[in-house]
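If you read the protein sequences in the order shown, they are chains A and B.
Position 13, counted from 1, in the first sequence is what our numbering calls 7; the numbers after and before it change by one each time, with no gaps.
Residues are numbered in our numbering as their position in the second sequence, beginning at 1, plus a constant of 16.
First comes the structure, then the notes that go with it.
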Amino acid sequence: AQRVTQPEKLLSVFKGAPVELKCNYSYSGSPELFWYVQYSRQRLQLLLRHISRESIKGFTADLNKGETSFHLKKPFAQEEDSAMYYCALSPPWGAQGAQKLVFGQGTRLTINP
Amino acid sequence: DSGVTQTPKHLITATGQRVTLRCSPRSGDLSVYWYQQSLDQGLQFLIHYYNGEERAKGNILERFSAQQFPDLHSELNLSSLELGDSALYFCASSFAPWGETQYFGPGTRLLVL
Chain A
-5 AQRVTQPEKL LSVFKGAPVE LKCNYSYSGS PELFWYVQYS RQRLQLLLRH
45 ISRESIKGFT ADLNKGETSF HLKKPFAQEE DSAMYYCALS PPWGAQGAQK
95 LVFGQGTRLT INP
Chain B
17 DSGVTQTPKH LITATGQRVT LRCSPRSGDL SVYWYQQSLD QGLQFLIHYY
67 NGEERAKGNI LERFSAQQFP DLHSELNLSS LELGDSALYF CASSFAPWGE
117 TQYFGPGTRL LVL
């Protein structure tokens, strides 16, 4: 079964504090993994994908295949990071279902001043 | 705007009715994906078209259908609407049929009364 679990519906931290948004996945193989962000009244946008290993807006995500996790981290939170964050997986190139994204339920991150 | 566009932004209709949601992909993208976002189910993949051809189906009800036209825009038709169909419907696009970042539109908010 393909599943993405984000255990925290809501997460609140103070500005300047470290942030970690948890994501666990279930897939028998090596999926593509993504983090999407949705700022208030805006569309879903890609924040990062594990294959590119980029750091966007100070966020990084480490893939842990043993724990099947892809947690999103930022060392110092900023107020503009307040948004809804979605973790998603896609089966790899050529695998069945590779066309679709399977999303977690999302975590609403609030950064307090 | 060369991004993904969706019309209408909002739609209010009654049970039993039929509506059509429209999506125009980013310039150059051949793939269109439809997703439904509801409070209880989260973001769920509905269907994928690539260059006019249906490529994958997800949790799409039989009352729902879609197509992609020669100019690559896509329409999602929802018929015999029920209260539970109230949701945000997103369209996304990408160039290739799989393995690529999907770019999302702003969504159409459907309310069935």
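Glycine residues also receive a C-beta, built at the ideal position from the N, C-alpha and C atoms.
Just so we're clear, the structure is a prediction, and the values are computed from it rather than from any experiment.
Taking the beta carbon of A:Trp87 as the centre, do at least 16 other beta carbons fall within 10 Å, making it buried, or is it exposed? exposed
What does A:Gly100 touch in chain B if you count any residue whose Cβ is under 9 Å from its own? Gly58 and Leu59
Listed by chain order, chain A residues near B:Thr117 by CB distance under 8 Å: Phe28, Leu40 and Arg43
Helix or strand or just coil, what does DSSP make of B:Gly100? In the structure shown, B:Gly100 sits in a helix (DSSP, three-state: H, G or I).
By the DSSP assignment, the beta strand (DSSP E) with A:Asn58 in it spans what residues? Thr54 to Asn58
How many angstroms separate the CA atom of A:Pro85 from the CA atom of B:Phe61? 13 Å
Quick one: which chain A residues come within Cβ less than 7 Å of B:Pro122? Arg37
Contact with chain A by B:Phe106, beta-carbon distance below 8 Å: yes
Are there 16 or more other CB atoms within 10 angstroms of the CB of A:Glu48, so buried, or fewer, so exposed? So A:Glu48 ends up on the exposed side.
If contact means a Cβ-Cβ distance below 7 Å, which residues of the segment 50 to 83 of chain B contact chain A? Gly58, Leu59, Phe61, His64, Arg71, Ala72 and Gly74
Which first and last residues belong to the beta strand (DSSP E) in which B:Glu70 is found? Residue range Glu69 to Lys73 is occupied by the beta strand (DSSP E) that includes B:Glu70.
Residue-level contact to chain A via CB, B:Pro113, 8 Å cutoff: yes
Are the CB atoms of A:Leu83 and A:Leu27 within a distance shorter than 8 Å? yes
Contact with chain B by A:Leu66, beta-carbon distance below 8 Å: Chain B, which has no Cβ nearer than 8 Å to the Cβ of A:Leu66, makes this no.
Quick one, are the C-beta atoms of B:Leu88 and B:Leu46 less than 8 Å apart? yes
With a cut-off of 8 Å, does the C-beta of A:Leu4 fall near any C-beta of chain B? no
Sheet register partners of A:Gln39 (DSSP bridge): A:Val31
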